[in-house]
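Student: Quick note on numbering: numbering that gives the first Met the number 0 labels position 18 of the sequence shown as 17, and the sequence is numbered without any gaps. Using N, Cα and C, we set each Cβ at its ideal position, and we do this for glycine too. Have a look at the structure that comes next, please.
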Amino acid sequence: MSSIQERPSKRQRTIKTGHDLDTVDFETSEDVEVCPTFDAMNLNENLLRGIYSYGFEKPSAIQQRSIRPIVKGRDVIAQAQSGTGKTATFSIAMLQKLDTNIRETQALVLSPTRELAQQIQKVVLAIGDFMNVQCHACIGGTSTGEDMRKLDYGQHIVSGTPGRVIDMINRRSLRMY
């Protein structure tokens, strides 16, 4: 079951997805807008270039319902099965909100594992390729000196594990804009 929730009122819907005709259950707020294409989301042109070069042709169900509310600053709880595009969903929203002229950390993503933090970094860098975005994975098992050097250089987005992120905050290397 896939579900996307925003706080206010909720409704249940069953839809047929275009490509596989599987039944997908959604629990959404009444006013959730469905954007059938990435172009309909009013995204930055360079971000759109990155999305399409990454291989996306059209947004998945969770992306159609979550990206715009996140970009608008709404509180969103989005759940879906593996492989449905959740990482790309929040990555696209983060990248849309980013000001690449400011070389400071503007977004922090915490992950329970080093592997997930690295995967998120790779997705952000790939989708944000045409935006010249800087993203660093702060994870245990790597050089703290290298983390400090990268953070001092300026990273728009940091993807990391809690232990290393706290260490970088305590060392005053990680500061949020």
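On the CB-based measure, 16 or more other CB atoms within 10 Å of its CB, does G192 come out buried or exposed?
Tutor: This structure leaves residue 192 out entirely; the chain is present only between 0 and 176.
Student: Give the single residue among G162, H155, I76, I126 whose Cα lies nearest to the Cα of L109.
Tutor: Here the closest residue by C-alpha is G162.
Student: Under a three-way DSSP split, which group does S158 fall into?
Tutor: Correct three-state label for S158: strand.
Student: What did DSSP end up calling L173 once you bin it into helix, strand or coil?
Tutor: Reduced to three states, the DSSP call for L173 is coil.
Student: According to the Cβ coordinates, are T83 and I61 closer than 7 Å?
Tutor: Going by C-beta atoms, T83 is nearer than 7 Å to I61.
Student: Based on DSSP bridge pairs, tell me the residues matched to C137.
Tutor: Bridge partners of C137: G159.
Student: DSSP three-state label for L97, please.
Tutor: Residue state, collapsed to three classes: coil.
Student: With V75 as the anchor, note down where its alpha helix (DSSP H) starts and where it stops.
Tutor: Note, V75: premise wrong, no alpha helix (DSSP H); beta strand (DSSP E) at 75–78.
Student: Can you name the start and end residues of the alpha helix (DSSP H) that L47 belongs to?
Tutor: Residues 44–52.
Student: Note down the Cα distance separating L42 from Q95, rounded to an integer number of angstroms.
Tutor: Each residue's alpha carbon lies about 6 Å from the other.
Student: Kindly indicate the opening and closing residues of the alpha helix (DSSP H) around A116.
Tutor: Where A116 is concerned, the enclosing alpha helix (DSSP H) stretches over 113–126.
Student: Can you tell which of D30, L46, I156 has its C-alpha closest to the C-alpha of A106?
Tutor: Out of D30, L46, I156, I156 has the C-alpha closest to the C-alpha of A106.
Student: By a C-beta neighbour count over all protein chains shown, 10 Å radius and 16 as the cutoff for buried, is K149 buried or exposed?
Tutor: Per the 10 Å Cβ criterion, buried.
Student: Are the region 87–101 and the region 67–76 in contact at 8 Å, needing three or more beta carbon pairs?
Tutor: Contact holds: three or more Cβ-Cβ distances are below 8 Å.
Student: Note down the Cα distance separating E114 from V123, rounded to an integer number of angstroms.
Tutor: E114 and V123: Cα-Cα distance of roughly 14 Å.
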